[in-house]
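For reference, the structure is listed below as structure tokens.
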Amino acid sequence: MLNELACMLFGMSCAVAMQDCPGLRVVDPWVREAPPNAEVQAGYMTLSNENDEDLILTSVAAPQYANAEFHRMWFEGDRMRMEGQPTLVVPAKGQLVLEPGGYHLMLFKPDQRMRAGETVHIRLQCGAGKKFVEAPVRKAGFIESAPHHGH
Amino acid sequence: MNKTFLVLGAAALSLLLGIAVWAWQQSRLTETAPAASQVATLLPQPRELPAFRLTDHNGQAFQNEQLMNHWSLLFFGFTRCPDICPNTLGLLHAVNSAVKAENPSTNFRVVFVSVDPRYDTTPVLKSYVEYFDPSFVAISGPEPQLRNLTDSLYVPYTYVPTGNGDEYTVEHSGTLVLLNPQGQAVAYFSPPLQLQPIVDDLRHLTRS
């Protein structure tokens, strides 16, 4: 907040101040190509936290879509359940994997159909900091879910 | 001491008994393990479906008689499901391709049953399902008809409000149901689904 204020008031170099979620690394972000007219798409990536403390992602935004949220999908027996998550916690010195059949970004109502090869712009918010992510759209077939990570 | 001998004897006896039971179970397992099924749960008897009347993605009526003369693998979902449905339909495309590569004249097909008929109208279903595989059939219909089918197959679904206006999501089963060419349910595949075991099971199950 102070950083942003400083940027606005003094025209300081803001790229660093506003783009940083210190210690957060994003690996292999991608968005699944959706059928024509599809209202929703899922985004995936691996989030690593190099800090000694948990890192909390407080919101996500994607300007090419009407809305973006964190979601988690899981099976209860053979029943598929899905729930919006107000925040995502990347554990200290650990990872949170967003992947098919687990945590993912939910992208609602694209302004126009996003096809394989195009780029989705995503902004992750960690308190006052921001992390900009460019996620390519991929046409994906079946992805076998990995053995389960702890939640 | 007599007591010690008694205890030792009992221990030895129960050990022997344990080994005998284990050996017997092992022999039974190898004798009766069906080679046909790795992952499918087979019903002891094929189960008849009640009469239902739904509509396919081309706007044609889809009822019990449309199940005749095909092996149908049913998956239940909805088009606004961003994660598990596209992934499972991707899997089913791979299954379908593998089954047809092995046996080009097979009467096997995949049927996607939308459990969100309010949103998944015929044109929505058409563009959705054809994106994954042009040979897929997608069906849906008004709730009583749809419930009739899903209840009889023990495939539950529930509408869950998202808390955002009157928007809702659909929680549903991730199970696949195999129907025989008489339109009867014969086997279930439960998640997590894996490609090769399903293809192997279908090879045996659809041979008859």
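Protein chains in written order, with the numbering used here: chain X, 1 to 151; chain L, 1 to 208. In this text, a Cβ means the ideal position worked out from N, Cα and C, and glycines have one as well. The model shown is predicted, which means the values in this text are computed figures rather than measured ones.
With respect to the 7 Å criterion, Ala68/X and Leu107/X are classified as neighbours on the basis of their beta carbons.
Think of a sphere of 9 Å around the beta carbon of Ala51/L: no beta carbon from chain X falls inside it, the nearest being about 26 Å out.
Residue-level contact by beta carbon holds for Gly141/X and chain L, with a gap shorter than 7 Å. Think of a sphere of 7 Å around the beta carbon of Thr169/L: the chain X residues whose beta carbon falls inside it are Met82, in chain order. Rounded to whole angstroms, Leu176/L and Pro29/X show a C-alpha spacing of 30 Å. When the Cα atoms are used, Pro142/L and Glu83/X turn out to be separated by approximately 26 Å.
Flagged as an interface residue toward chain X: Arg80/L, by a C-beta distance shorter than 7 Å. Under the Cβ criterion of 7 Å, Asn96/L is not counted among the residues facing chain X.
The stretch 10–61 of chain X contains, as complete alpha helix (DSSP H) runs of 4+ residues, the segments 14–19 (chain order). A direct Cα-to-Cα measurement between Arg53/L and Gln63/L gives close to 5 Å. DSSP, reduced to helix, strand and coil, places Ser72/L within a strand of the structure shown. The C-beta of Val113/L has 16 or more other C-beta atoms within 10 Å across all chains shown, which makes the residue buried. Distance between Val155/L and Arg81/X, taken at the CA atoms: about 14 Å. Listed along chain L, the residues sitting closer than 8 Å to His104/X by beta-carbon distance are Pro82 and Asp83.
Judged by DSSP in its simplified three-state form, Glu171/L adopts strand. For Met73/X, the C-beta contacts it makes with chain L under 7 Å involve Asp83 and Ile84, in order along the chain. A Cβ-Cβ contact shorter than 7 Å links Asp200/L with Gln38/L. Judged by DSSP secondary structure, Asp56/L falls within the beta strand (DSSP E) whose first and last residues are Arg53 to Asp56. Annotated as distal: Asp166/L and Pro100/X, with beta-carbon spacing of 7 Å or more. For Glu118/X, no Cβ of chain L is located within less than 7 Å of the residue's own Cβ. Nearest CB-CB separation between Ser190/L and chain X: below the 7 Å threshold. Within chain X, the C-beta atoms nearer than 9 Å to that of Ser173/L come from Gly77, Asp78, Arg79 and Met80, in chain order. Look at the stretch 31–44 of chain X: the residues with a C-beta under 8 Å from a C-beta of chain L are Arg32, Ala34, Pro35, Pro36, Asn37, Ala38, Glu39, Val40, Gln41 and Ala42.
The shortest C-alpha to C-alpha distance from Asp78/X to any of Asn164/L, Leu49/L, Tyr128/L and Leu193/L is the one to Leu193/L. Distances from the CA of Glu171/L to each of Leu124/X, Met73/X and Pro36/X were compared; the closest alpha carbon is that of Met73/X.
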